[in-house]
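Since the structure comes first, as structure tokens, the remarks are kept for the end.
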């Protein structure tokens, strides 16, 4: 299963770039501890945080397949993927439990963020019959 952490422009908490250094450190430490716990339990497959949208590029194929690149920030972006974990859990209920724990990562003042966490199955490759 994959847990995807989203951040919304209209979230109930301020953007992380406005947090104090201590608040950012507490949040990052929470994520590090989460990774360590998932590794210890054998459930961790992969996990990555992503750069902020203002560092993003959107690439499309142009004439003759040449890349057409648009640099961020993209003001029309209301939600963006902040990072993900791929976990291998015994039950779907365990994945939901992990998603709820990640959702409660600390934010400003140490309060739980209650971020939306999307849970999806990782698809297997299609059979050759397709």
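Residue numbers (this note's numbering): -4 to 125. Even glycine gets a Cβ: it sits at the ideal position worked out from N, Cα and C. Quick caveat: nothing in here was measured; it's all calculated off a predicted structure.
Residue 21 carries a helical assignment under DSSP once its states are collapsed to helix, strand and coil.
Sorting 111, 52, 58, 8 by C-alpha distance to the C-alpha of residue 64 places 52 at the top. DSSP places residue 26 in the helix class (H, G or I) of the three-state scheme.
Cβ-Cβ distances below 7 Å link residue 50 to 67 in the same chain, with the five nearest sequence neighbours on each side left out; the list follows chain order. In the pairwise beta carbon analysis, the segment 99 to 110 is classified as touching the segment 9 to 25: at least three pairs are separated by under 8 Å. Ranked by Cα distance from residue 93, the options 58, 21, 123, 112 are led by 112. In the displayed model, residue 115 falls within a strand according to three-state DSSP. Residue 117 and residue 46 have their C-alpha atoms spaced approximately 23 Å apart.
By the Cβ-count criterion, residue 82 is buried, with 16 or more other Cβ atoms from all chains shown falling within 10 Å of its own Cβ. Per DSSP, residue 65 is one residue of the beta strand (DSSP E) stretching across 62 to 66. Distance from the CA atom of residue 88 to the CA atom of residue 114, rounded to whole angstroms, is 11 Å. Assigned with DSSP and collapsed to three states, residue 89 falls in helix.
Within the DSSP secondary-structure output, residue 16 pairs in no beta bridge.
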